[in-house]
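Visitor: In my numbering, the protein residues as written are 11 to 263. Take this structure first; my questions come after.
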């Protein structure tokens with residue numbers, strides 16, 4: 011038996027682009043066969059809806075509302091809700107796993123750090139940074155920044171991306187020889203195809219998720235209405251004939 015987990019999810023409580031409250035995801039995710047989900051709302055340097063003028067700790071309390079509401083709604087439902095962060099630099103974004111809301115309250119300096127400094131700080135807390143949708147192209151982006159030095163893993167399948175973007179992400183992940191993830195990047199409940207990471211064992215904590223993923227025990231999958239398929243088995247994931255329109259820059263800081 012395998013257990014699948016959503017790794018990339020936004021709530022309306024903290025993400026300006028989020029349309030679904032955290033609590034409303036639980037029944038829907040269970041119906042689709044998920045054993046749990048990681049709430050990764052946009053942080054303050056991304057598409058956040060948290061007011062910037064409030065005290066730092068109050069902002070963190072508001073930021074974690076979607077996660078907290080989802081976790082409360084999942085009580086007694088045999089469904090795991092874990093905490094994560096989507097952190098932005100210059101359009102390049104990273105899914106941070108392994109830290110807690112309490113840790114964030116004590117590290118306001120994270121907002122003034124460059125990529126390498128943030129990576130070192132997250133590692134000091136036994137967390138990891140996963141490069142989300144590395145080849146995403148949107149009209150509001152000007153450059154694709156690739157960061158081999160700080161990519162502990164690569165999100166090779168993002169359900170909101172076009173196939174060629176995911177194929178390029180897989181090629182990039184192979185070059186780095188790091189673990190892979192898949193996620194839906196979900197902002198609203200939808201019956202479209204979604205992404206997940208599958209594990210043989212049930213995941214109960216974010217630290218367990220990090221350990222299992224980095225040990226190579228996670229399998230990126232795509233969840234369809236009636237089936238679950240390995241991402242790397244999809245033919246379109248191996249077609250890298252279409253190249254990016256945006257310039258690609260390798261960045262270390």
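All residues carry an ideal CB built from backbone N, CA and C; glycine is no exception. Predicted model only: the values in this text are computed from it and were never measured.
Would the beta-carbon of residue 52 fall within 9 Å of that of residue 20?
Guide: Taking 9 Å as the Cβ cut-off, residue 52 and residue 20 qualify as a contacting pair.
Visitor: Taking the C-alpha atoms as reference points, what is the distance between residue 133 and residue 119?
Guide: Roughly 15 Å separates the two Cα atoms.
Visitor: If you count every other CB in all the chains shown that lies within 10 Å of the CB of residue 139, and 16 or more means buried, which is it?
Guide: Looking at its Cβ environment, which holds 16 or more other Cβ atoms inside 10 Å, residue 139 is buried.
Visitor: Please report the residue range of the alpha helix (DSSP H) in which residue 247 lies.
Guide: Segment: none, residue 247 is in no alpha helix (DSSP H) and carries neither H nor E.
Visitor: Going by DSSP in three states, residue 58 sits in which element: helix, strand or coil?
Guide: Strand, per DSSP.
Visitor: Quick one, which of 93, 196 and 215 has its alpha-carbon nearest residue 29's?
Guide: Cα-wise, what sits closest to residue 29 is 196.
Visitor: Taking Cβ to Cβ, would you say residue 234 is nearer than 9 Å to residue 203?
Guide: Cβ atoms of residue 234 and residue 203: closer than 9 Å.
Visitor: Going along the chain, which unbroken runs of the beta strand (DSSP E) with 3 or more residues stay wholly within the region 196-226?
Guide: As far as the region 196-226 is concerned, its whole beta strand (DSSP E) runs of at least 3 residues are 204-209.
Visitor: Please go through the same chain and pick out, in chain order, the residues whose beta-carbon is closer than 8 Å to the beta-carbon of residue 90, but skip the five residues on each side of it.
Guide: The answer, listed in chain order, is 15, 45, 46, 47, 84, 212, 213 and 214.
Visitor: I'd like the span of the beta strand (DSSP E) that includes residue 230, first residue to last.
Guide: Residues 229-233.
Visitor: Which residues in the same chain have their Cβ closer than 7 Å to the Cβ of residue 170, if we skip the five residues on either side of it in sequence?
Guide: Same-chain partners within the cutoff: 195.
Visitor: Within 10 angstroms of the Cβ of residue 151, are there 16 or more other Cβ atoms? Answer buried if so, exposed if not.
Guide: Per the 10 Å Cβ criterion, exposed.
Visitor: Just tell me which of 149, 97 and 144 has its CA closest to the CA of residue 264.
Guide: This structure cannot settle anything about residue 264, because the visible part of the chain is limited to 11 through 263.
Visitor: Looking only at its chain, what residues have a beta carbon closer than 6 Å to the beta carbon of residue 159, apart from the 5 residues adjacent to it on each side?
Guide: So the list reads 262, once near-sequence residues are dropped.
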